[in-house]
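In our numbering, the protein residues as written are 3 to 168.
We put the CB at the ideal spot given by N, CA and C, even for glycine.
All figures in this text were calculated on a predicted structure; none of them were measured in a lab.
First the structure, in the form of C-alpha cells, and then the observations on it.
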C-alpha cells in the first residue's frame, strides 16, 4: 500500500512541478547519450546516482514548499527563506550532476568521431529501442502535461484537488 502512496506522491510532483518534468526529460536524454557514446559502467553508475540526487532534491523541495504553504499561506520572510533554502538544495544537486556528467562524458566526447562509427555498428539497435521505449514516451508525456494542463491548474493541496473533482 505504501508503494501506491509513493507513486501518488511522485505523480503529484511530476504533474505539478515543471522542473521535475524537465529533470526527467533531461535524464532520459542523458541515458540515451550514455548508450550512444558507449559510456563505461562506472561512469553510468555515477550519472544515475547524480540524476537520482537531483530528483530526490526536487521531491524534497516540493515537499518543503507544500508544507510551508500549509503552515503559512500568506507571504512571510521566514517562509520565503525556507523555500529558498530548499531550492538551493536542488541547485547544489544539479551543479553536482552537471559536474559528474562532464567527467563521465568527456572521454567519450574526446573520441567522438571514432566512437560514432563503432557505436552505430554495435549499439544502434539498443539506441533505437531506448529511444522508442523511454525517450519518446517521456517527451510525449512532458508535452502532454505542459499543453493539457494550463499553468497553475494542478497546484494546491491534494484535498483541494479532490474537492474540485467531486
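Classification of residue i by the beta-carbon crowding that lies within 10 angstroms, buried from 16 upward
i, result
"residue 72", "exposed"
"residue 1", "Look at the range of the chain in this structure, 3 to 168, and you will see that residue 1 is not part of it."
"residue 162", "Legend: pLDDT at residue 162 = 48, less than 50; position of this residue unreliable, no value from coordinates given."
"residue 164", "Because residue 164 carries a pLDDT of 48, less than 50, the predicted location of this residue cannot be relied on, and the following value inherits that uncertainty. Exposed, because fewer than 16 other Cβ atoms sit within 10 Å of the Cβ of residue 164."
"residue 7", "exposed"
"residue 80", "exposed"
"residue 60", "buried"
Terminal residues of the alpha helix (DSSP H) in which residue i lies
i, result
"residue 25", "20 to 39"
"residue 115", "114 to 132"
"residue 143", "138 to 150"
"residue 74", "Where residue 74 is concerned, there is no enclosing alpha helix (DSSP H), given that its DSSP letter is neither H nor E."
Cβ distance (whole Å) where residue i is taken to contact residue j below 8 angstroms
i, j, result
"residue 136", "residue 30", "5 angstroms"
"residue 106", "residue 45", "4 angstroms"
"residue 67", "residue 88", "7 angstroms"
"residue 50", "residue 103", "Contact flag wrong, Cβ pair sits at about 11 angstroms."
"residue 34", "residue 133", "6 angstroms"
Contact under 8 angstroms by Cβ, residue i with residue j
i, j, result
"residue 9", "residue 16", "no"
"residue 13", "residue 144", "no"
"residue 62", "residue 85", "no"
ask   = Just checking, does the segment 94 to 102 make contact with the segment 54 to 64 on the three C-beta pairs under 8 angstroms criterion?
value = yes
inquiry  = Three Cβ pairs or more, each shorter than 8 angstroms: is that satisfied between the segment 121 to 138 and the segment 82 to 93?
reply    = no
inquiry  = Closer than 8 angstroms is the cut-off here; do at least three beta carbon pairs connect the segment 33 to 48 with the segment 97 to 113?
reply    = yes
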